[in-house]
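2 protein chains.
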Amino acid sequence: MGTGPGPARRPTLEQVAKVAGVSRATVSRVVNGVESVDPGIREAVERAVADTGYVPNRAARSLVTGRTGTIGLVVSEPRAEPAGGPPASQVYADPFFGRIVAGVLGELAPRRVHPLLIHVDSAPARDELLARLGQGDVDGVALVSVWPDDPLPRLLAASGAPAVMFTRPGQPAALSYVDVAHQQGAELAAARLIARDCRRVVAVAGPADLPAARDRMDGFRAAMGRSGQLSVPSAEGAFSLAGGQQAMARLLAGIPDLDGVFAASDLMAQGALITLADHGHLVPGDVAVVGFDDSSVAIACRPPLTTIRQPVEEMAAEMARLLLARIDDPDQPPRSVIFEPALVVRGSA
Amino acid sequence: MGTGPGPARRPTLEQVAKVAGVSRATVSRVVNGVESVDPGIREAVERAVADTGYVPNRAARSLVTGRTGTIGLVVSEPRAEPAGGPPASQVYADPFFGRIVAGVLGELAPRRVHPLLIHVDSAPARDELLARLGQGDVDGVALVSVWPDDPLPRLLAASGAPAVMFTRPGQPAALSYVDVAHQQGAELAAARLIARDCRRVVAVAGPADLPAARDRMDGFRAAMGRSGQLSVPSAEGAFSLAGGQQAMARLLAGIPDLDGVFAASDLMAQGALITLADHGHLVPGDVAVVGFDDSSVAIACRPPLTTIRQPVEEMAAEMARLLLARIDDPDQPPRSVIFEPALVVRGSA
DNA sequence: GTGAAAGCGCTAACAT
DNA sequence: ATGTTAGCGCTTTCAC
């Protein structure tokens, strides 16, 4: 058939109304599923819609409703290079990001709302986001921040616009968020190491300024303390393979006969595994290793990583639900949902 | 200060005009950077804009301009579970996805256009996308398809709307796309293996229905043939760790003394490495392994993976540029940009 | 160079 | 239950 020649502008409500022999308002009602429409008329309109291939214009609709059916999925991080550089960051390469996207999408897609990907790495970008939000360009914001001192959570809270976070904000802010019980997860890791009779346990810690990293260490230390190992030597590193490698190397230098390792992330655990192997230590024979996350790298490790599972997809889905609820009723108070971690036993401990 | 009490509706052009003592049209001109405005007036308007905190309403603007400043970043894949299930797929977990996002974002952000994430896994979802596109809800589409028989490329091409793809479409379609020279990359891999004096080389192939996988195999076979090894035993698997493991196991069963492996992706190479280690083969001593992609897993492998680098971020950036160009001038003919792969030597070969 | 006025396509009172 | 009407906030001729 084809769309016919020329510019072929899309049919409007007006045209459909003409074809169906009714008013614009009636077509609008049918399209929006308003009940009080005569079945006969409704059918006629539906036919006209089908015949004309009518599709509502979102811009026009949101101009009047003030809703867009779009939320902002915001990734906030401090700008790496002081000079504005084009390629975006490391964050997107982290398997975490994909899992969050998948979880959010799963919840959003059925409701026909789509996330607008927004990268914020500077004050102007922050202002633009706030502007878009204030002006109704997106209905709300789901924030993933990898920056402990990020001012964005508070700014969002202050703006009063619907906003939720993945992970507790670095600085307290009146925002809903989802998170995992980090301490509890760390306790599971400690219990596993203890059950394996490890006596000289160390920790490969994440950046101390990240709440998640701190919580994991606190929980781990507390649990080890309760079991008799009052001091847990630790080395800090970035949440990355290299970070894990280096921290592990430092630990090994000080305590050559260590026999248990808790790493604050799977990526770090993978790095630790590599360093251990390089130094001739057998895992789990000589030393047991427990990670955190249960990310995709866990099964790629040799041996496969025993780790603490974080239900990222479910958490992201819940974050989406919290946001949607907040959009429907903006006066709802902030709410946080904390998920339970679980021990996943594989080969490394 | 605060925004004041109550609903606090955003200021409109009208209000700014009143404050500046000019007409809406003039404010509009200033806001849109039209040259022909008296410097004095312009300054007054700019002050008024700043004072009122005016931000243009996108919906209103795009209602009249027909532009949204938004593109669709579409991930298309066949629905995994026949029954509509909530959580989205595997695709997002692949490091590839994040790299594409980073590349696209890097190009788009400076131009203040943001990608709307759209997941398409069914005919209705496809229809909705086409509808949104036709009606101008997004200015164009960047498509990442992981489905050889995907009808979407052709539908997009037929719709006439601006659309570009990452990777050549599975079935020919009049669409711009970016890709890497798969065959050339495979030749690089072959050359490396040959240079290392491998005599019994095998291939861990990706799904034969994917053009990329096929191209890589074709290129590899051709290059090996030119060097004297006329037949290259191969085993097919999914583009995943498990796929690589299994394919490698099958190969090893048939040819226990193989001494060179070309894997069609880094993830598969990682799997192959695991299987080789399990069978007691030393890499690169007993057998040399070359991967493809240079993804983040390459450096996590033991030994680190020698691989063929695919400049994914740059490719994604170019895809974004192609799309933007096409949006600016819809009559441009489709164009493809093929990137050069490069050999990255690490420990595995 | 600037303003007046006409819509873009839609929804939501209000009237009928 | 349906139609009429008045905008939502903006850009864009068209006069001046």
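Heads up: the protein sequence lines correspond to chains A and B, in order.
Here the first sequence is numbered in my numbering, starting from 861 and rising by one per residue.
Here the second sequence is numbered in my numbering, starting from 861 and rising by one per residue.
Quick reminder that beta carbons are idealized off the backbone N, C-alpha and C, glycines included.
All of these numbers come straight from a predicted model, not from anything done at the bench.
For His1141(A), the secondary structure class from DSSP, reduced to helix, strand or coil, is coil. Judged by DSSP in its simplified three-state form, Ser896(A) adopts coil rather than helix or strand. The Cβ of His1139(B) sits no closer than 9 Å to any Cβ of chain A.
In the DSSP assignment, Tyr914(A) is bridged to no other residue. For Ala1049(A), the enclosing alpha helix (DSSP H) has its first and last residue at His1042 to Ala1055. For Ser922(B), the closest Cβ of chain A is nearer than 9 Å. Here the stretch 1057-1065 of chain A lies against the stretch 1103-1115 of chain A, with 3 or more beta-carbon pairs under 8 Å apart. Between Gly1104(B) and Ala1083(B) the beta-carbon gap is near 21 Å, outside 8 Å, which marks them as no contact. Among the residues of chain A, none has a CB under 9 Å from the CB of Thr1166(B); the nearest is roughly 17 Å distant. Gly1000(A) is the residue among Pro1093(A), Gln1043(A), Gly1145(A) and Gly1000(A) whose C-alpha sits nearest the C-alpha of Asp1188(A).
In this structure, Phe1026(B) is the residue among Asp911(B), Phe1026(B), Leu989(B) and Val905(B) with its C-alpha nearest to the C-alpha of Met1179(B). A distance of 9 Å or more separates the beta carbons of Val1006(B) and Val905(B). Check the Cα spacing between Asp954(B) and each of Ser1155(B), Ala1049(B), Ala1160(B) and Val915(B): the tightest is with Ser1155(B).
Contact note: Val1149(A) does not reach chain B at a C-beta cutoff of 8 Å; the least C-beta distance is about 15 Å. Taking the C-beta atoms as reference points, Leu1048(B) is found no nearer than 9 Å to Thr930(A). Within 10 angstroms of the beta-carbon of Leu1090(B) lie fewer than 16 other beta-carbons, which makes it exposed.
In the structure shown, Ile1159(B) adopts helical secondary structure according to DSSP, grouped into three states.
By alpha-carbon distance to Ser1036(A), the top candidate from His1042(A), Arg1014(A) and Gln1043(A) is Arg1014(A).
A contact between stretches requires three or more CB pairs, one per stretch, nearer than 8 Å, and the stretch 920-930 of chain B meets this requirement with the stretch 918-926 of chain A. Where Leu1182(B) is concerned, the enclosing alpha helix (DSSP H) starts and stops at Val1172 to Asp1188. Here Leu1016(B) is not near Leu1053(B), since their CB atoms are 9 Å or more apart. Residues of chain A with a Cβ closer than 8 Å to the Cβ of Val915(B) are, in chain order, Ala991, Arg992, Gly994 and Gln995. Counting only Cβ-Cβ distances below 8 Å, Asp954(A) has contacts in chain B at Gly958, in chain order. The distance from the Cβ of Pro1163(B) to that of Gly1120(B) is about 15 Å, inconsistent with a contact at the 8 Å cut-off. For Arg1195(B), no Cβ of chain A is located within less than 9 Å of the residue's own Cβ. Per DSSP, the continuous alpha helix (DSSP H) segment holding Val890(B) begins and ends at Arg884 to Val891. Ranked by Cα distance from Leu1165(B), the options Glu1174(B), Met1175(B) and Asp1153(B) are led by Asp1153(B).
For chain B, the residues of the stretch 924-935 of chain A that bring a beta carbon within less than 8 Å of one of its beta carbons are Thr928, Thr930 and Leu933, in chain order. By the C-beta criterion, the stretch 908-919 of chain B is judged not to be in contact with the stretch 980-987 of chain B, since fewer than 3 inter-stretch pairs fall below 8 Å.
By the criterion of a C-beta distance shorter than 8 Å, Phe956(B) is surrounded in its chain by Asp1153, Ser1155 and Val1172, once the five residues flanking it on both sides are discounted.
With a threshold of 16 other beta carbon atoms within 10 Å, Gln1031(B) falls short and is exposed.
At a cut-off of 9 Å, the C-beta of His974(A) has a neighbouring C-beta in chain B. Taking CB atoms only, Val879(A) has no neighbour in chain B less than 9 Å away.
The beta carbon of Pro1201(B) lies closer than 7 Å to those of Val1040, Ala1041, Gln1044, Gly1045, Leu1048, Ile1168, Arg1169 and Gln1170 in the same chain, with the five residues before and after it left out.
Here DSSP, grouped into helix, strand and coil, assigns Thr1027(B) to coil. Ser1156(B) belongs to the set of residues whose beta carbon lies under 9 Å from a beta carbon in chain A.
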